[in-house]
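By UniProt numbering, the letter at position 339 of the sequence shown is numbered 339, and the numbering carries on one by one without gaps.
Think of the CB as a built atom: it goes at the ideal place given N, C-alpha and C, for glycine as much as any other residue.
What follows is one structure encoded as structure tokens, with my remarks underneath.
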Amino acid sequence: MGSYMSTHEDYKHVDEQGERPAKDEADDTATGNDIIEDEFSDIDEILKDYDFPFENLILEGGGAQGNAYIGAIQVRNCVEMYICVNLLSAEFIHCHMLNTGVNRFQQAMDSQFTESYREMGKRGYLKKLRRFGGTSIGAFTACFLAVGHGPDKFDEILNGPQIKELLDASFGKLSLVPNLYLHMGWHPGKAIDKFLGDAIAEKMDENPDATFKQLYDKTGIELCVVVTNLSTMMEEYCHVKTTPDMSMRLAVRMSTSIPGVLFPVTRTDNGRNDMYIDGGVICNYPVHCFDGWWLSMKPKDSFFKKMSPLQDGAKLLTKKERFGDPNEKTFGMIIYSDYDSHVLPTNSELEAINYPLPDTKLVRAHEQMTQNRKTGMEKHKQVQEAMEHFWNDLHMEDRDGDSEIDRKELRKVFEHTNEFTQEDILTLFGKALTADEVFDLLDTNKDNKIVYSELMRLANKKGVGLHEQHIGSGRQDIRSSTEFGIGIFKALLMNVKRAFLGGDDIERTVLINTVYYQSFDFEPQTEDLDFLVEQGRRGFLKFLKYHAIKDASKQDQACST
Numbered sequence: 001m002g003s004y005m006s007t008h009e010d011y012k013h014v015d016e017q018g019e020r021p022a023k024d025e026a027d028d029t030a031t032g033n034d035i036i037e038d039e040f041s042d043i044d045e046i047l048k049d050y051d052f053p054f055e056n057l058i059l060e061g062g063g064a065q066g067n068a069y070i071g072a073i074q075v076r077n078c079v080e081m082y083i084c085v086n087l088l089s090a091e092f093i094h095c096h097m098l099n100t101g102v103n104r105f106q107q108a109m110d111s112q113f114t115e116s117y118r119e120m121g122k123r124g125y126l127k128k129l130r131r132f133g134g135t136s137i138g139a140f141t142a143c144f145l146a147v148g149h150g151p152d153k154f155d156e157i158l159n160g161p162q163i164k165e166l167l168d169a170s171f172g173k174l175s176l177v178p179n180l181y182l183h184m185g186w187h188p189g190k191a192i193d194k195f196l197g198d199a200i201a202e203k204m205d206e207n208p209d210a211t212f213k214q215l216y217d218k219t220g221i222e223l224c225v226v227v228t229n230l231s232t233m234m235e236e237y238c239h240v241k242t243t244p245d246m247s248m249r250l251a252v253r254m255s256t257s258i259p260g261v262l263f264p265v266t267r268t269d270n271g272r273n274d275m276y277i278d279g280g281v282i283c284n285y286p287v288h289c290f291d292g293w294w295l296s297m298k299p300k301d302s303f304f305k306k307m308s309p310l311q312d313g314a315k316l317l318t319k320k321e322r323f324g325d326p327n328e329k330t331f332g333m334i335i336y337s338d339y340d341s342h343v344l345p346t347n348s349e350l351e352a353i354n355y356p357l358p359d360t361k362l363v364r365a366h367e368q369m370t371q372n373r374k375t376g377m378e379k380h381k382q383v384q385e386a387m388e389h390f391w392n393d394l395h396m397e398d399r400d401g402d403s404e405i406d407r408k409e410l411r412k413v414f415e416h417t418n419e420f421t422q423e424d425i426l427t428l429f430g431k432a433l434t435a436d437e438v439f440d441l442l443d444t445n446k447d448n449k450i451v452y453s454e455l456m457r458l459a460n461k462k463g464v465g466l467h468e469q470h471i472g473s474g475r476q477d478i479r480s481s482t483e484f485g486i487g488i489f490k491a492l493l494m495n496v497k498r499a500f501l502g503g504d505d506i507e508r509t510v511l512i513n514t515v516y517y518q519s520f521d522f523e524p525q526t527e528d529l530d531f532l533v534e535q536g537r538r539g540f541l542k543f544l545k546y547h548a549i550k551d552a553s554k555q556d557q558a559c560s561t
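Below is the structure:
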């Protein structure tokens, strides 16, 4: 994916102290807001006749990156609550870990929503949405939207009690170890449960335990909350069709049960106790949830009709069978950064030009990392080329085809080399070595043969890491318990994105690139939040522009035929 660094070179350079050099005003004109805003200078004209086709909004689970969604709500008020709760969730964890307040955070965010009120009704899209779905914090927000909450409730939350009041472990940090041991989580989550119930009751006839069916019967709105059933090791889709009599707040409480942070939820059904945790553990972005027949409310898609004959149940319950046909009325939002963009399928036409990076601590650290990565990549390329030369010549000399290199064959590589040079030897081994010295170095088990695993050991030692470069997503050094925990969550989030985000899903997804800002950056400066707001706005405008132009092109083609 393209990054801001390749577009705005003047923001790249960092001196030895980590400070960005001064940038003159003329330079700002050349690379700043004027050029960037040209991308959307015609947006009102493009959207003038655009018939917004979507009815289903899917919200990804989020962490601190969720701040970026604010920008999207400045374009569409329907996402207002989503951003709010993502913001609260980020600081929720921050307070949780650091026991800090959120006054500065709330003050910084209050000003960000002013324009969203002016945008209310401007596009007129909210009234078209009939289905909401989400995972984890996305489910929290989807529920608020589904029952009918809007800007007033959002403003109330921002100006309401401190987030740490929702963290209800009796003795704070002292409760961590005993609660983890006894209850498999730090906080009981009763305060969050009450908060959810109160919000639902406001819109559902004073009933905090209103069910999915009651919501559907009253409003015609469908809500899907994705949870992880740890007992069956599967994701489940709570919805009026699958769990009509389940209370919405119970489903959301299950889906937001962050492992280790909140108590998991145990639910008894037909005499069986199942344990539920955060839906994002298995499916963080359920953009498929309204595809296919599984959650369809059409009579022809009823379980009675679709699940016959029962002996075919195993086949009928596969994800491909249940969610096979894409729903053209679904769209969603997903957040990524430069750190994980390479694991996502992409469409450059949906990627907005990034806004100029602010001058903050996080940005300076990112720029230093980018410079270090560039230096490392140059070295990596040199080592990789040397390894490829070595590999190719070894393959040519393996004449018996047994995939094992003996001493004689390695000598021939050195004597009759086609690609492998003395410079390559210096790159791989640090000094000039003879064929016999290289053989002895590589033959780690001393069986007088060099095999694939021994060559991979050399590649990994030199940082080539063929497997992780071509199959995985690089590596991360783990040096502390904090990095260990963060590494686990990053691995989960990255791989659930791979598992549930297909190439075709990108066209129905708003791509919001937070560039340098990651899920676990819980101490933003105000300028960081401003940047995320703008990135969210740009991501959604790009999505609208892409689809409006695409639809107009289809209409032109239809008229010409």
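Notebook entry, point to check: Just to confirm, are residue 510 and residue 333 a CB contact at a threshold of 8 Å?
Noted result: Contact flag set, yes.
Check: Taking Cβ to Cβ, would you say residue 427 is nearer than 8 Å to residue 284?
Finding: Using a Cβ distance threshold of 8 Å, residue 427 and residue 284 do not count as a contacting pair.
Item checked: residue 214 beta carbon less than 8 Å from that of residue 355 -> No; because the gap between Cβ atoms is not below 8 Å, this pair is not in contact.
Checklist line | Proximity to residue 287 [Cα-Cα], best of 302, 237, 307 | finding: It is 237 whose Cα lies nearest to the Cα of residue 287.
Next item on the list: In the DSSP assignment, find the unbroken alpha helix (DSSP H) run with residue 571 in it and report its ends.
Entry: An answer regarding residue 571 cannot be provided, because it is not within the stretch 1 to 561 covered by the chain.
Note to self: I'd like to know whether the C-beta atoms of residue 208 and residue 198 end up nearer to each other than 8 Å.
What the structure shows: Between residue 208 and residue 198, the C-beta gap is smaller than 8 Å, which places the two residues in contact.
Note to self: Pop quiz: residue 255 and residue 227 are said to be a contact at Cβ under 8 Å. What is the actual Cβ separation, rounded to whole angstroms?
What the structure shows: Confirmed, Cβ separation roughly 5 Å.
Note to self: Considering Cα atoms alone, identify which of 306, 274, 533 is closest to residue 293.
What the structure shows: 306
Check: Which two residues bound the contiguous alpha helix (DSSP H) that contains residue 236?
Finding: Not the alpha helix (DSSP H): residue 236 falls in the beta strand (DSSP E), residues 234–238.
Next item on the list: Could you give the DSSP three-state label for residue 392: helix, strand or coil?
Entry: helix
Check: Tell me, which residues are paired with residue 336 by DSSP?
Finding: 513
Next item on the list: Please go through the same chain and pick out, in chain order, the residues whose beta-carbon is closer than 6 Å to the beta-carbon of residue 331, but skip the five residues on each side of it.
Entry: 54, 508
Note to self: I'd like the list of long-range same chain contacts for residue 260, defined as Cβ closer than 6 Å, with 5 residues on each side in sequence excluded.
What the structure shows: none
Next item on the list: Note down the Cα distance separating residue 8 from residue 359, rounded to an integer number of angstroms.
Entry: Only weak support exists for where residue 8 lies, its pLDDT of 34 falling under 50; the value from the coordinates is given anyway. Whole-angstrom Cα-Cα distance: 14 Å.
Checklist line | Stretch-stretch touch, CB-based, cutoff 8 Å, three pairs: the segment 294–301 with the segment 238–245 | finding: yes
Item checked: Residues sharing a beta bridge with residue 450, DSSP -> According to DSSP, which records beta bridges pairwise, residue 450 is partnered with 405.
Next item on the list: Please classify residue 557: is it buried, with 16 or more other beta-carbons within 10 angstroms of its beta-carbon, or exposed?
Entry: Exposed is the label assigned to residue 557, since fewer than 16 other Cβ atoms lie within 10 Å of its Cβ.
Next item on the list: Grab me the residues of residue 175's own chain with a C-beta within less than 7 Å of its C-beta, minus the 5 sequence neighbours each way, in chain order.
Entry: Answer for residue 175: 169, 186, listed in chain order.
Checklist line | Beta-carbon spacing of residue 196, residue 249 below 8 Å | finding: Yes; because the gap between Cβ atoms is below 8 Å, this pair is in contact.
Margin query: Rounded to the nearest angstrom, what separates residue 253 and residue 38 at their Cα positions?
Written below: Distance from the CA atom of residue 253 to the CA atom of residue 38, rounded to whole angstroms, is 43 Å.
Notebook entry, point to check: Just to confirm, does residue 365 get its C-beta within under 7 Å of one of the non-hydrogen atoms of the ligand ADP?
Noted result: The ligand ADP is absent from the structure shown, which contains no ligand whatsoever.
Item checked: Residues sharing a beta bridge with residue 57, DSSP -> 132, 331
Note to self: With a threshold of 7 Å on Cβ separation, who are the neighbours of residue 546 within its own chain once the five nearest residues in sequence on each side are excluded?
What the structure shows: Closer than 7 Å at Cβ, skipping near neighbours: 349, 350.
Check: Going by alpha carbons, who is nearest to residue 357 out of 141, 46, 513, 58?
Finding: 513
Item checked: Within 8 Å, strictly: CB atoms of residue 235 and residue 131 -> In this structure, residue 131 does not lie closer than 8 Å to residue 235 by Cβ.
Next item on the list: Closer than 7 Å by C-beta to residue 412: which residues in its own chain qualify, once you throw out the five before and the five after it? Chain order, please.
Entry: 397
Check: Buried or exposed: which applies to residue 59, given that a residue is buried once 16 or more other Cβ atoms fall within 10 Å of its Cβ?
Finding: buried
Next item on the list: Using the Cα positions of residue 361 and residue 336, report the straight-line distance between them to the nearest angstrom.
Entry: 20 Å
Check: In the structure shown, what three-state DSSP assignment does residue 46 receive?
Finding: helix
Check: On the three-state DSSP scale, how would you describe residue 272?
Finding: strand
Next item on the list: If I'm right that residue 138 touches residue 61 with Cβ under 8 Å, what's the distance once you round it to whole angstroms?
Entry: That belief holds up - the Cβ atoms of residue 138 and residue 61 are roughly 5 Å apart, short of 8 Å.
Notebook entry, point to check: Sorted by chain position, which residues of the same chain lie with C-beta nearer than 8 Å to residue 322's C-beta, five sequence neighbours on each side aside?
Noted result: 292, 293, 294, 316
Check: Who are the near neighbours of residue 525 in its chain, counting only those whose CB is closer than 8 Å to its CB and skipping five residues on each side?
Finding: 358, 360, 361, 362
Item checked: Secondary structure of residue 372, DSSP reduced to three states -> helix
Notebook entry, point to check: Can you tell which of 403, 408, 421 has its C-alpha closest to the C-alpha of residue 382?
Noted result: 421
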